[in-house]
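Following: one structure in structure tokens, then a few remarks.
Numbering (this note's numbering), first residue to last: 3 to 170.
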């Protein structure tokens, strides 16, 4: 019975430790913007004064490589250039400014013209997400150990009750 109890505790600990992995330092330092429309999904990642833009169709998640992408941010419009890997990018000193900013992506592909709006989240926001995940993982550990202790107490009470019945 003890072996079964310890196996259950080990499984609970394994479940608690397999939570969301902590973010890497590079991910935590990257500002991000995401915008979605009926046709497109745009994800922009900022590295220093350069934004890399990944444009895909929402229906099949296929990358869009033959579109004209324009980004409007902080009162200025920036034309994004197509990269060899299928993404788009632009460079601006506005990306170095602190704080969040609203971003509008204009996508022109053939006869389809769409505007997608999103908010650029500063790099510091990712640190709060990591703290949230660490707190969640801590609570899972506490909960799993509480369950293990409860099972141990239940087993010991049943054994004591069985010994009292046998002894009388």
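Each residue gets a CB set at the ideal place from its N, CA and C atoms; glycine is no exception.
As the structure is a computational prediction, the values presented were derived from the model and not from experiment.
Residue 79 - containing beta strand (DSSP E), residue span
78-81
Proximity below 8 Å, CB of residue 69 to CB of residue 120:
no
Taking the alpha carbon of residue 97 as the point to measure from, which residue in 39, 167 and 47 has its own alpha carbon closest?
47
Per-residue DSSP class, three states only, for residue 137:
helix
Which of the three DSSP states is assigned to residue 87 in this structure?
coil
How would you label residue 55, buried or exposed, when you count the other beta carbons within 10 angstroms and need 16 or more for buried?
buried
Figure out for me which residue from 84, 83, 60 and 105 has the closest Cα to the Cα of residue 76.
105
First and last residue of the beta strand (DSSP E) that includes residue 114?
114-122
Check whether the Cβ atoms of residue 124 and residue 94 lie closer than 8 Å to each other.
no
Could you name the residues of the same chain whose beta carbon sits closer than 6 Å to that of residue 85, not counting the 5 residues immediately before and after it, in chain order?
91
Checking 8 Å against the spacing of the C-beta atoms, do residue 57 and residue 73 come in under that value?
no
Neighbourhood of residue 80 by C-beta, 6 Å cutoff - its chain only, sequence neighbours within 5 removed:
73, 92 and 94
Tell whether a beta-carbon distance below 8 Å holds between residue 71 and residue 107.
yes
On the DSSP letters alone, give me the boundaries of the beta strand (DSSP E) that residue 73 sits inside.
70-75
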